[in-house]
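Residue numbers (our numbering): 0 to 130.
We put the beta carbon where it would ideally sit given N, CA and C, even for glycine.
Quick caveat: nothing in here was measured; it's all calculated off a predicted structure.
In what follows, a single structure is set out as structure tokens and then discussed.
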């Protein structure tokens with residue numbers, strides 16, 4: 000649990016450095032990850048939670064690969080790398096065996112909050128570039 004807080008802080012602090020350009024594909028994938036992580040009550044069902052963790056990880060990996068192809072996207076790549084690490088650790092935990100409901104809920108909540116922060120910041124970034 001102690002590792003969750005620094006990861007979240009690193010992820011959110013990277014958001015303050017987001018570029019002024021807005022990419023709708025990145026934004027859409029962030030919204031997908033946000034939606035998949037919004038309901039931590041699925042953690043009470045280990046099968047559903049494991050599937051959700053795998054889906055979130057796949058979406059985060061796609062986002063990271065896509066972001067790597069964009070020019071001048073190094074700041075967003077930092078956030079994407081952290082998001083992959085957060086989701087991969089949850090997914091790996093389910094692959095190894097039983098995961099506590101509390102651990103799952105914390106991980107999903109952190110992923111959800113992190114994506115909300117990035118979505119909010121990128122939306123504001125788009126507002127400023129379109130004015």
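Check, Outcome
"Counted within 10 angstroms of its Cβ, other Cβ atoms place residue 83 as buried (16 or more) or exposed", "buried"
"Residue burial classification, residue 95 (beta-carbon count within 10 angstroms, cutoff 16)", "exposed"
"From 63, 28, 29, 86, residue whose alpha carbon lies closest to that of residue 107", "86"
"Close beta carbons around residue 115, own chain, < 8 Å, minus the five adjacent residues each side", "33"
"Residue interval of the alpha helix (DSSP H) (run including residue 69)", "From DSSP, residue 69 is part of no alpha helix (DSSP H); its letter is neither H nor E."
"Rounded distance between the beta-carbons of residue 35 and residue 51, thought under 8 Å", "6 Å"
"Buried/exposed call for residue 27, threshold 16 Cβ in 10 Å", "exposed"
"Closest Cα partner of residue 56 within the set 110, 69, 97, 72", "110"
"Limits of the alpha helix (DSSP H) - the one that residue 41 falls within", "Counting along the chain, residue 41 falls outside any alpha helix (DSSP H), and DSSP gives it neither H nor E."
"Selected residue, minimal CA-CA separation from residue 48, among 29, 80, 78, 102", "102"
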